[in-house]
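Chains as they are written, first to last, in my numbering: chain A, 1 to 277; chain B, 1001 to 1569.
Yeah, the Cβ is synthetic: ideal placement off N, Cα and C, and Gly gets one too.
A quick note: this is a predicted structure, and the numbers were derived from the prediction, not measured.
The structure appears right after this line, and notes come after that.
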Amino acid sequence: MAILTAKKVTKRFGGLVAVNALDFTLEKQAIASIIGPNGAGKTTFFNCITGFNQADEGEIIFDGVPIHRLRPDKISHLGISRTYQNIRLFPNMTALENIMVGLHAHLHATWIGAVVRTPATRAEEERAHEEARRLLRFVGLQGKGDVLARNLPYGDQRRLEIARALANKPKLLLLDEPTAGMNPTESEEMVAFIRRLRDELGITILLIEHHMRVVMSISERITVLDYGEKIAEGTPREIQTNPRVIEAYLGRGSAADIPEQAVRPSVSTLPASSAAG
Amino acid sequence: MSELRQLPLWQSVKIGLLGGAVALYLCLIGMIEVFGRSDIIERVISLGQVLLLLSGLGAGYLAARRVGEPTDALTILSNGVVAGGITGGLLTGLVIIGSMVNLRAVFINASPALYTALTLGAGPNGAWIPLVGGAALGLLAALFYLLPPRVRQPLMNGLLGVLLAGLFAGLLRVILAARPGWSAELGRFLFASEGLTLAGASLFFILAGGLTLLWSQSQATVRERITRLPEAQRKTLRWTMLGLAVILILILPQVSGAFIAQVIVLVGIFALMGLGLNITLGMAGLFDLGFVAFFAISAYTVGLLTSTGEHGIAQWSWWAAAPVGVLLAMIAGAFFGLPVLGIRGDYLAIATLGFGEIVRLLVGSDFLRPWLGGSFGILAIPKPWIGNLELAGPQQIYYLAVFGAMLVAFVAVRLRDSRLGRAWMAIREDEDVAEALGVNLVQTKLLAYMLGGAFAGLGGAIFAALVGSIFPHSMNLLVSVNVVALLIVGGMGSIPGVIVGALALIGLPELFREFAEYRYLLYGVALIVMMLAKPEGLWPSAAIRRELHTEEINEVETNPDSSGAVPAS
């Protein structure tokens, strides 16, 4: 069953067509990737889903609800969370506070309740703290809750950003280059962690990724964008051998002499991905 | 050349030139002369002389400190002499040039009287006196630097105590003289008609110095003893301290007299506005340069509703009118917020600047004159009553201002620690991400404007009660600027910082009213120095303190386990 359906989504910036009549379907509890060269419109598509940008044409349906005309906060309430290509934490708030902002949609205290500190508000704050600490532990940041987000090391910041996104109890999690700037070991940890999110929490995951090793090992389906258009879609194996994809990445005429190693490392990790799926 | 710049001597020359520039500046703008008339210790030393001494001493001390520990005493002393000498030398130059060329065409304060003062009465023939004097002061300061800290600190504080007592001598004398008997006697003993008596100065020196000495020796043991107390006793101690503070706050205006009470009321009103702006600007990051608008709306509402004069419409009591004023300020917050919701950063500052001016021009306009009194304002606003007690003067309004500020500070703390406070800070940090996390930007921003406006509104209502009349010119841009400045000086986003900022920027200038001409000059200099030396404010909120002094924080937090050891709660 599809959790997210995009029909003929188009987004233009002036004369530039960033996303062009994109059709896209995402199955519930799937892990899927969107890949493509720089400027292919991947992040713009994410922005259209989360309401940062409004699609000029087409519609996006999430869990049966059309969301392409909704504000970002409404979309977030429906259960879509995201992370960002260049980490966007709240730098001058502590790790714990960052997660608690993520819980915002699930809290109901009014300002008057906060001032008088009604029993209901106090109980809710207590629960929120508890939940935030639980999420810290879940992403392995226990003991760092009082550190300002800006002072956390890079890897921790990535994980904190995911914890903040999870606080919203999302049904769909959009990860924009979750392994950017990570070494192979860290990337592998991140891949395992993303699988855990799906397996343990049942969250559907859509990611943008440039590390082919990560993409090929984790994705059940891959969509390839180029100049805002979908040029290919399929399993990792299908994508690896698709001549249009190779052309988009390496230029016309490269398909014939595609280097072996561009394919091999991902093939070796493929069985793991199919086992998880 | 670059090696030359590394030399300690070169540094000392630079410091000396800087000290000299300060001294020259003080002389040429006339501060030395004007302050020469107000004595710190009667017939011994005037404030003007203190300033000159301080420039020499300061240069010497800074130079000595720059040279630092590893070098020998002789180098430190000689550097002090060089810096002090250059500071004095510049003044010598002024005297020489001034006696040959008439400088008064440009600097009206470069008078013979100034030269006489600089040369201790010798005139142009004694031009060498500042040079030698400066060198001597530099030597003295360097010697002072060489003293061990446990001697230096009490001495320094003793002198500081004398200086402060001398500055506020007039004020303290009036307070003491107000009560006949021992209090008036004490006043006559400590204070002369101008400044301190010699006996008073010695007493203050011994008191301040002695207390420092005592505290530095017993501080550790006192701390330790408190931590060793059982929990119950510590609690009692805390409550006793709190009780003492409350009693102090309660009796303060009766002891201090009307003037101090009035200053505190003004501080309280600005603290209220500061707490309001701290929500919109400090927490939510929404710049507002028209903040005075909320103050004005509430003050005018209270004025109209209570006035017994020609513009009064209801003759309500203050207690009924103030909530209406606060409510209207709150609604105005929403109205002001709506059109600027989509504007960010610098643009927002300019847009809101317009609001403040619109309100000021409206209340002063001829068009609304039949209702708001135009530039003549609203007169005859009665004082609030509590039962049969009229809050007639500043000594009574004081309670209104202090408890109003305390109440609002309490509300602000509660808001800061709530879901709403976190949403505000999230908007300040990254508006888009906050929205993507489910924060309703419209609602949250409007609440920031409304609550900020409400706080300022309470300030306006109390202002109306204090002054008893309201004029458009009280609602000028300078008020808004002052509120922003006190927020920056206190520490953006910090609630105690607002109080400290209001005391520093509103309280101190009021106390120094006798130096009226130079008040805002000093205010400006203080702001610049402040921004250079302590950009995060006097009492920064924990987060901002870490932001701007990252080097220090990194030292503290190099061990991640220690920073995370505190349970996250």
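What number of angstroms, rounded off, separates the C-alpha of B/Leu1353 from the C-alpha of B/Gly1345?
-> 13 Å
Is any beta-carbon of chain B found at less than 8 Å from that of A/Asn20?
-> no
Where A/Ile87 sits in the DSSP three-state scheme = coil
Hey, how far is the Cα of B/Ile1032 from the Cα of B/Tyr1145?
-> 26 Å
Taking the beta strand (DSSP E) that A/Ser81 falls in, what are its first and last residues?
-> 80-82
Own chain, CB closer than 8 Å to B/Leu1237, minus 5 neighbours either side, in chain order | Ile1226, Leu1229
Give the single residue among A/Val9, A/Thr43, A/Gly140, A/Ile222 whose Cα lies nearest to the Cα of A/Ile31.
-> A/Ile222
Presumed contact (8 Å Cβ cut-off) between B/Ser1480 and B/Leu1289, rounded CB distance = 5 Å
What are the boundary residues of the beta strand (DSSP E) that A/Lys230 is part of?
-> 229-234
Taking only beta-carbon positions, decide if B/Met1100 is within less than 8 Å of chain A.
-> no
Kindly indicate which three-state DSSP category B/Trp1385 falls into: helix, strand or coil?
-> strand
Determine the DSSP secondary structure at B/Ser1541, reduced to helix, strand or coil.
-> coil
For B/Gly1601, collect the residues of the same chain with a Cβ closer than 6 Å to its Cβ; drop the 5 residues on either side in sequence, then sort them by chain order.
-> It is not possible to answer for residue 1601 of chain B, since the shown part of chain B is limited to 1001 through 1569.
Verify the CB distance criterion: does B/Asn1278 have a CB-CB separation below 8 Å to chain A?
-> no
Hey, B/Ala1332 and B/Ala1293: beta-carbon distance below 8 Å or not?
-> yes
Taking DSSP as the reference, what is the three-state secondary structure of A/Lys8?
-> strand
Going along the chain, which residues of the segment 86-103 of chain A sit with their C-beta nearer than 7 Å to a C-beta in chain B?
-> Arg88, Phe90, Pro91, Asn92, Met93, Leu96, Glu97, Met100, Val101, Gly102
What residue ranges within the segment 153-199 of chain A form continuous beta strand (DSSP E) runs of no fewer than 3 residues, ordered along the chain?
-> 172-176
Would you tell me roughly how many angstroms separate the C-alpha atoms of A/Thr110 and A/Arg158, rounded to the nearest one?
-> 31 Å
Would you kindly work out how many angstroms separate the C-alpha atoms of B/Ala1141 and B/Arg1065, rounded to a whole number?
-> 10 Å
Looking at the C-beta of A/Asp73, does it have a partner C-beta in chain B at a distance below 8 Å?
-> yes
Near-chain A residues of the segment 1417-1438 of chain B - C-beta to any C-beta below 9 Å = Asp1417, Ser1418, Arg1419, Leu1420, Gly1421, Arg1422, Ala1423, Met1425, Ala1426, Arg1428, Glu1429, Asp1430, Asp1432, Val1433, Ala1434, Glu1435, Ala1436, Leu1437, Gly1438
Give me the Cα-Cα distance between B/Gly1577 and B/Gly1093, rounded to the nearest whole angstrom.
-> As displayed, chain B neither begins before 1001 nor continues past 1569, which places residue 1577 of chain B out of reach and without an answer.
Nearest-angstrom Cα separation, counted from B/Thr1280 out to B/Glu1547 | Its pLDDT being 39, under 50, B/Glu1547 is placed unreliably by the model, and the measurement read from it follows with that caveat. Using only the alpha carbons, I get a separation of about 20 Å.
Return the chain-ordered list of same chain residues with a C-beta closer than 6 Å to the C-beta of B/Thr1550, the five sequence neighbours on each side being excluded.
-> Because the pLDDT at B/Thr1550 is just 41, under 50, the model does not fix this residue reliably, and the value given afterwards should be weighed accordingly. The answer is none, since no qualifying residue turns up.
Quick one: grab the DSSP three-state call for B/Phe1355.
-> helix
Burial state of B/Ile1470 (16 or more Cβ within 10 Å) | buried
With 8 Å set as the bound, which would you pick, yes or no: does the beta-carbon of A/His77 sit closer than that to a beta-carbon of chain B?
-> yes
Span of the beta strand (DSSP E), counted from its first residue to its last, around A/Ala18 = 16-27
Please classify A/Ile60: is it buried, with 16 or more other beta-carbons within 10 angstroms of its beta-carbon, or exposed?
-> buried
Find the nearest neighbour of A/Arg133 within the set A/Arg237, A/Gly102, A/Gly202, A/Asp176, judged by alpha-carbon distance.
-> A/Gly102
Looking at the unbroken beta strand (DSSP E) that takes in A/Glu59, where does it start and where does it end?
-> 57-62
Quick one, are the C-beta atoms of B/Gly1493 and B/Leu1538 less than 8 Å apart?
-> no
Return no unless some Cβ of chain A is closer than 8 Å to the Cβ of B/Val1411.
-> yes
Rounded separation between B/Asn1559 and B/Ser1418 - CA only | Confidence at B/Asn1559 is low in this model, with a pLDDT of 40, below 50, so the placement of that residue should be treated as unreliable; the coordinate-derived value is given next. B/Asn1559 and B/Ser1418: Cα-Cα distance of roughly 30 Å.
When we look at the beta-carbon of A/Gly41 and count the other beta-carbons within 10 Å, is it buried (16 or more) or exposed?
-> buried
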